[in-house]
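Read through the structure below, which is laid out as structure tokens, and then see the notes.
There are 2 protein chains.
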Amino acid sequence: MSGIEHRLHQLRTILADEGLDGAIVRSTDPYLGEYVPPELALRPWLTGFTGSMGEALVGREQAWLFADGRYWLQAEAEVDPRAWQVVRVGSSGALSAALLDRLEALARGRSEPLRIGFEADRVTEGERREWSRRLEDSVTLVAMDPSPVHRLRHLEGSPALSRLDGPMRSVGPDVMGSSVLERVEALFEPVPKSVDWLWVQRLDDVAYLSGLRGRGLPQQSTFRGVALAARDGLWVGLDGDRTRAAGLTAPGLDVMTRSELFERLGRQGGTVGCDPAHTTVSAWQDLSERARVVSCRLPVAAQKARKRPEELAAMRSGFRRADRVMATLIDEVCQRVVDGEPVTEKDVADRVEALFVEAGAVSLSFRVIAAAGTHGAIIHYGTPDPERVLGRGELLLVDCGGLFEAGYATDLTRTFLLGAPDETGSPRQRFIYTSVLRAAIAGMRARLAPGATGAQLDGIVREALWAEGLDYPHGTGHGVGINVHESPPRISGSSTTVLEAGHVFSIEPGHYDAEFGGVRIENVCTCVEDPDAPGFLRVEPLTFAPLDERLIDLERLRTDEREWLARYRQHA
Amino acid sequence: MSGIEHRLHQLRTILADEGLDGAIVRSTDPYLGEYVPPELALRPWLTGFTGSMGEALVGREQAWLFADGRYWLQAEAEVDPRAWQVVRVGSSGALSAALLDRLEALARGRSEPLRIGFEADRVTEGERREWSRRLEDSVTLVAMDPSPVHRLRHLEGSPALSRLDGPMRSVGPDVMGSSVLERVEALFEPVPKSVDWLWVQRLDDVAYLSGLRGRGLPQQSTFRGVALAARDGLWVGLDGDRTRAAGLTAPGLDVMTRSELFERLGRQGGTVGCDPAHTTVSAWQDLSERARVVSCRLPVAAQKARKRPEELAAMRSGFRRADRVMATLIDEVCQRVVDGEPVTEKDVADRVEALFVEAGAVSLSFRVIAAAGTHGAIIHYGTPDPERVLGRGELLLVDCGGLFEAGYATDLTRTFLLGAPDETGSPRQRFIYTSVLRAAIAGMRARLAPGATGAQLDGIVREALWAEGLDYPHGTGHGVGINVHESPPRISGSSTTVLEAGHVFSIEPGHYDAEFGGVRIENVCTCVEDPDAPGFLRVEPLTFAPLDERLIDLERLRTDEREWLARYRQHA
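Next comes the structure, spelled out in structure tokens:
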């Protein structure tokens, strides 16, 4: 029995003891974030699959791992097929639906409803309601608090399950363009008068509203804590020690520990508005014991997505430094390969990190992707290979970002030819690169009517690739802010996000082919009022790292695309 | 007291008698269709507002009419402001939400929940559930069956409230490409074994599954009735007399009256799967009294949207005839205007209808839009003016469709210059027309990757217009089938419909300007497997009425667009 099989066996024993037919094990952590600190990552521990997204369902006999297009190959390579069956799902948005489909199929034809456990601190109240509605009478969902997987992992002596964050810092209106009081005031604008408090659980929402930044979570500028917003101020409840925030003050801001926050709420009472989409089942329960809880949309995401000029200035400063990191890296790596030095993917990733530190970054904003040749086809290639030596004439795809003092993320991808400045790529390399570039240009210069959605922009970007019979199995872009992936906006075929001035998002078309490798070009962009068309918005790039001129077939560009490129180069 | 005030007063008396604080009065009818027969239209009778969409809320003191952007002016002009307050809502999709917001505001601060009635035969079970969830404890929704507005109208001696449909016909596998038995078999594929029956209430679903067509409802080929599908056959329950379907048989098809259908279900029992989105609260109740009812998605829409080759052939036959109607109309109208004859919009609309009848149509599929000059800017211009004489050099916008024997709708829009063959339009006319044409071409020749959504295609179509600072305030297209508006698919900025081979939909970009008028070019298209790019789909047009060459600025077309246009002309 493999280690993974043993873990599954132990979990099934616990489930059977509790009268459960199975359990859902999630990729997220109690902070509902995308990047889960290793000590809180239960699903990878249970499945062996290390990708950041993917839901697991453990049944009595079988267990399924639901992975989206980015992770099919990685999931199938990493899991023990005797223990886990990988279910290929189209997109990450469809993972839960696929899991529910499977549950319905399992329940079919049974006389009694299935009893399925879920982790109360890793499932939102909104998900619980939606799943219950969807499954109706066929499945009874049972809250497990704490997660039995957490218990098992603890028994196995895994890394410390609770770790303190590092020291904190704060940014003021000079960086954010607004004060804590202005932000909470805006937050309450659409909220009924009967609501006294708004519960804030997403870490980047807490960081946004408070102006506080942390450095304890890996590659994040958020910190572990929650918040309760009132009309006249914000309580932040830190997990663990609050001395790390000592001296960080702002009018209306009151920093305490999470338990102090709950105690004070219990004493004061009142009505707490909770957004089911952003509140865990556990937190909903904890709040309900101390106050009246009502469902209420938390309107922080739209506010956070519209960057103020001061925020854009702070972000641009980071983007400029990240652009220089990339330019330096490209020159260095090409030179070393041309000189015949053995440079590995891992060397590249390490060098990226060193360059970001030299540029003043607090940390990276995500793990560097450095993928040579066919590795480029693995879209989220997260483990640069220390054995894989870069070959001259190959393409190298580097996707990286940093976090600077103001706590906003950068994100940038370049694919370049490993060769001398006067070399050119193969016809195939040039064809693919130029096709992807045309798609990127379509996005980076798009004019958008009022009300334009992320899906419309996505179509505009893909059109150039589709016309060649090419496509990429991921979205065209994501919002960028305190988190490197912030939502809204989202640029994808199913995104109904209405794009607005001040939104900041990536445009990152690509092409991936197991034999050829991968090409991706990613720039972070924003929307501005279009000076030439009243009422319209125009997309414009915020990152300007050099494109690889050796891979561009200028003859395939239209005149307007060549003109755009010439202006872009002047920024670089 | 005006007539409308009197009606409201009577309704409030009934509501008070039943202990209700108010009532919701809907625009739809018990058939949940888009076109409501006049004798079933209660909301217009109660409010005075004749637009096809708009929800009403009657309170003890005040009454509100919720209208979307298309109808603000009309609603404000038509209602008696002493009785009704018009609430301006952005889009038709937000009407219910605005009504619920108002209800929440009314309920705020009250100690007891509000008791609000709704019309059980005009609200779906899904809406009832969603509204109840949304309103939580603040409002108690009370089913009214029948609608008290219906009773009042009857008392007032309004037009006969129940009217018989006309004679019926049926189409077989030669037209539909499948038999009744094959269609119900496909319908049950994703349905759990425990479900014996599927309830079918949407009229076009009943017509699709049964192969029956009617001609009693205005400009529809559906008929009044419901259906219960089993794995081995289909019961159709007609409203009123069933002799009009005498002799229309097919293996597995069993035609009866609605009351016979319920009686037989009561005798047989079993489990009925009902789709809350497509079942009225009344029907849900009626079914529950006779069988076990479970919620179940009715997978007919996806099946109906994928037209089989035989259906496409039947539709193409109608499109060809509609193309000839349009070609003839354009030639005739231009000739008459050039000859100096006084031709009005109404004359055009009448001539369209006559030409459709000559071409063998059973009826029109919607009211003809014939809009000259600035009238073209009114998107849903449904009343061609008998006084408005067409002027030489103006543009005329004609949007029309017919229903032929097979019962599929056609839909086609052309905008053309009222002038001689050798004239050309003004620079502005040519600029707008060519811009709209470029958008239409982008859609009619788009290549789509697997999984492409309606919103992506919408973005591809609009891009050419957005680049010029132009746009249109409506979707790019809608599905076309037995109903002229069939959904899925939908081509709009928020459409997550995944496009598939065999889908049939319009591509109808336009531009509207109160001073200039309107230009719209609409062709119905389909998706086919792309022979040049395995796995991809290609959009191709199904309608080929002539475009107005006098309005095309060929120099603004790219080479590939000119080539496409040359091929398109060969079809015309």
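Chains A and B, in that order, give the protein sequences.
Under our numbering, the residues of the first sequence are numbered 158 to 729, in order.
Under our numbering, the residues of the second sequence are numbered 158 to 729, in order.
C-beta: ideal position from N, C-alpha, C; glycine also.
These figures come from a predicted structure and were not determined experimentally.
_Within 7 angstroms of any Cβ in chain B, is that where the Cβ of S651(A) sits?_
yes
*Assign P195(B) to one of three DSSP states: helix, strand, or coil.*
helix
*Does DSSP classify S336(B) as helix, strand or coil?*
coil
_Opening and closing residue of the alpha helix (DSSP H) in which H307(B) lies_ = P305 to L312
*asked:* Are the CB atoms of L614(B) and A603(B) within a distance shorter than 7 angstroms?
replied: yes
*Look at the Cβ atom of G539(A), then the Cβ atom of L554(A), and state whether they are nearer than 7 angstroms.*
no
_Contacting residues, own chain, Cβ-Cβ under 6 angstroms from S644(A) (five flanking each side not counted)_ = G636
*Spatial neighbours of P347(B) within its chain, please: CB distance less than 7 angstroms, with the 5 preceding and 5 following residues excluded, ordered by chain position.*
P456
*Does E515(A) come within less than 7 angstroms of chain B when only Cβ atoms are used?*
no
*asked:* 7 angstroms is my cut-off, CB to CB: does E269(B) come that close to chain A?
replied: no
*Please report the residue range of the alpha helix (DSSP H) in which E284(A) lies.*
E282 to L292
*For Y228(B), name the three-state secondary structure that DSSP assigns.*
helix
*Would you kindly check if the distance between the Cβ of C453(A) and the Cβ of V341(A) is under 7 angstroms?*
no
*Identify which residue in P607(B), V618(B), L605(B) and G611(B) has its Cα closest to the Cα of A606(A).*
V618(B)
_Going by DSSP in three states, V505(B) sits in which element: helix, strand or coil?_
helix
*Name the chain A residues whose beta carbon is nearer than 8 angstroms to that of K350(B)?*
R265 and G266
*Can you name, in chain order, every residue of its own chain whose Cβ lies under 8 angstroms from the Cβ of P666(A), other than the five neighbours on each side?*
V593, A596, A597, G600, V618, R619, L622, Y629, T633, R677 and I678
*Touching or not, the segment 557-572 of chain A and the segment 479-487 of chain A, by the rule of three or more beta carbon pairs under 8 angstroms?*
yes
*Would you kindly work out how many angstroms separate the C-alpha atoms of G160(B) and R227(B), rounded to a whole number?*
26 angstroms
*Helix, strand or coil for M301(B), going by three-state DSSP, please let me know.*
strand
*Just by C-beta distance, which residues in the segment 178-207 of chain A are closer than 9 angstroms to chain B?*
none
*At a Cβ cut of 9 angstroms, what residues of the segment 593-618 of chain B count as close to chain A, listed as they run along the chain?*
A599, A603, R604, L605, A606, P607, G608, A609, T610, G611, A612, Q613, L614, D615, G616, I617 and V618
_Is there a Cβ of chain B sitting closer than 7 angstroms to that of G226(A), yes or no?_
no
*asked:* By alpha-carbon positions, which one of V328(A), V182(A) and V412(A) ends up nearest to T400(A)?
replied: V412(A)
_Proximal chain A residues relative to G382(B), where beta-carbon distance stays under 8 angstroms_ = Neighbours of G382(B) on chain A: none; closest Cβ ~29 angstroms, over 8 angstroms.
_Closest Cα partner of D362(A) within the set P375(A), A403(A), M301(A) and T436(A)_ = T436(A)
*Which residue from S249(B), L574(B) and G475(B) puts its Cα closest to that of G674(B)?*
L574(B)
*Name the residue from R715(A), D504(A) and L309(A) whose alpha carbon lies nearest to the alpha carbon of S546(A).*
Strictly speaking, residue 546(A) in this sequence is Val, with Ser absent from that position. Residue D504(A) is the option with its Cα nearest to V546(A).
*For G497(A), which residues in chain B fall below 7 angstroms Cβ to Cβ?*
What G497(A) touches in chain B: nothing, since even the nearest Cβ is about 41 angstroms away.
*How big is the Cα-Cα spacing for Q167(A) and V514(A)?*
43 angstroms
*Roughly how many angstroms lie between the CA atoms of L318(A) and Y188(A), to the nearest whole one?*
Note on L318(A): pLDDT 45, under 50, position unreliable in the model; the coordinate value appears next. Each residue's alpha carbon lies about 14 angstroms from the other.
*V655(B) in three-state terms, based on DSSP*: strand
*asked:* I'd like to know whether the C-beta of F693(A) is nearer than 7 angstroms to at least one C-beta of chain B.
replied: yes
*Assign M472(A) to buried or exposed, taking buried as 16 or more other Cβ atoms, counted over all protein chains shown, within 10 Å of its Cβ.*
buried
_Closest residue to P375(A) among G323(A), W354(A) and L385(A) (Cα-Cα distance)_ = G323(A)
*asked:* Just to make sure I have the definition right: I need the residues of chain A whose C-beta is within less than 9 angstroms of the C-beta of A407(B). Which are they?
replied: Correct list: empty, because the minimum Cβ distance to chain A is about 31 angstroms.
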